[in-house]
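Chains as they are written, first to last, in this note's numbering: chain G, 28 to 300; chain U, 28 to 300. What follows is a short report on a single structure.
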């Protein structure tokens, strides 16, 4: 699904996938920057803990945001497709300045939220300027095409990734998280090579991509973002490959980006600052 | 050290790094192709088991080559720097049509052979047309700059690789082996980013790069060769990085090559066939 349309005179909010395991206490640079974007102390943040099976996940993030000086942070315990129809929750989303999707299992997010009024409210709110951050599974769900699973390893292969439709907050990239920690280059290369229209983004833990309404991605955090740009791909053997075959991909561009570096998803240009 | 000079009218032999764990019995495509290059049944292959601490490594490869129809395969038990002065071994090397360096520890190869008459004989023989294959540590030792060690992981960093001088049979590449199996992208990226003059080549197990005298690398075997071409590198933060810092590298080219694909080390062009 394409991102919801931005109304005339308005500006889309940031989309902020985080690679999981972000610092919440010692030096929470990612969460602090998210809070600042959302209005600082006056921010109104709703937490969507749907990816998690743990009842404490939502309240824990309420405490994290309270500790960062936010008075209004509210977890919405959406655990069923029925919950995702709730007009009370939709109102909370519509009144928010920031939405935070917790980690867990991205297939819980897609199966519980997919096509519901809550999903529509998140998409509409982002198009109206509300910033949406998500960590781990909460990052995975953001693009049009979501990486739902796949084997670990550095090599692409014909069955190297499971894709599923995501929330469609952004459609110019395919992303993976816990990227170097879980050795996921192979599944990102598989996803990008299935259809090389999108840039592949592998986000390390405690690292975030702050993607602005201008399509520029800003790296924040301790780790690294691996960018695979297949726009000049000259050859791919993916279509002919049988299960287990090695894959030939010729002409990918690769950037390793650390904190402060930028990548424009429109022009596909990377820069150190 | 640069490769030994090829005399007028002669042609350099192939240099054949193998990523380790090559098939020796079921479907030994790599060893068969090496044997064919060296003259088939009339090949005279010397085995240098110096990297290995095991007394049986040399004799085991004699059996492997015998099973492939070679009558003249001889292991040279070079275990000390004194052994590496032996005129008997040098004669064997000079009479050979192929030299095979076994796996083990590449620092044994470099510390025992480095600067000795045996190392000189290998270099001279290769320049005179003798083909040199090496597996695992035996592959690592081949280039001018050898990867001696380093941490596993997908990310480059300031202390991400230990380099040492190698045999200098080839100087246009830096290579690593057991590449995807041991998750070594980070140390190859570190090595390439220290000085981006060379192409980085990551060779999977049971996979070989047959590098001809024309500088064209031909992929043979079950796995994959990852090529990192830094010739268009636009920016690197390696010089400013402190220990543990994430590194920014902008503008690398990446090719994933499987059996049959080629890469020209001179023109830096990859092709599927």
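Backbone N, C-alpha and C define an ideal beta-carbon position, used for all residues, glycine too. Please read these numbers as outputs of a predicted model, since none were measured by experiment.
DSSP, read as helix, strand or coil, puts residue 58 of chain U in helix.
In the DSSP assignment, residue 210 of chain U falls outside any beta strand (DSSP E) and carries neither an H nor an E. No residue range can be given for residue 179 of chain G, since it is assigned to no alpha helix (DSSP H) and is classified by DSSP as neither H nor E.
Under the DSSP definition of a beta bridge, residue 194 of chain G lacks any partner. Cβ neighbours of residue 188 of chain U within its own chain (closer than 7 Å, five residues either side excluded): 174, 177, 214, 217 and 218. If you look at residue 105 of chain G, you'll find it isn't in any beta strand (DSSP E); DSSP assigns it neither H nor E. Assigned with DSSP and collapsed to three states, residue 265 of chain G falls in helix. Straight-line measurement puts the Cα of residue 115 of chain U at about 25 Å from the Cα of residue 43 of chain U.
If you check each beta-carbon in the stretch 238 to 253 of chain G against every beta-carbon of chain U, the ones closer than 8 Å belong to 249, 250, 251 and 253. A Cβ-Cβ contact shorter than 7 Å links residue 65 of chain U with residue 158 of chain U. Look at residue 299 of chain G: its C-beta is under 7 Å from a C-beta on chain U. Under the Cβ distance rule, residue 187 of chain U does not count among the residues neighbouring chain G, no pair being separated by less than 7 Å. In the structure shown, residue 236 of chain G falls within a strand segment according to DSSP collapsed to helix, strand and coil. In this structure, the beta-carbon distance from residue 194 of chain U to residue 230 of chain U does not fall below 7 Å. For the beta strand (DSSP E) assignment, the uninterrupted runs of no fewer than 3 residues enclosed by the stretch 68 to 139 of chain U are, from N- to C-terminal side, 71 to 75, 99 to 102 and 125 to 128.
Exclusion of the five residues before and after residue 125 of chain G leaves 65, 70, 72 and 158 as the residues of its chain whose Cβ lies within less than 6 Å of its Cβ. Put simply, the CB of residue 57 of chain U is far from chain G, with every gap to its CB atoms at 7 Å or more. Residue 291 of chain G is bridged by DSSP to G:243.
Listed in chain order, the non-local C-beta contacts of residue 293 of chain U below 7 Å within the same chain comprise 242, local neighbours out to five positions each way being set aside. Within the stretch 169 to 193 of chain U, the residues whose Cβ lies closer than 7 Å to any Cβ of chain G are, in chain order, 180, 181, 182 and 183.
A distance below 6 Å between beta-carbons, with the five flanking residues on each side excluded, links residue 240 of chain G to the following residues of its chain, in chain order: 38 and 39.
Listed in chain order, the non-local C-beta contacts of residue 280 of chain G below 7 Å within the same chain comprise 256 and 259, local neighbours out to five positions each way being set aside.
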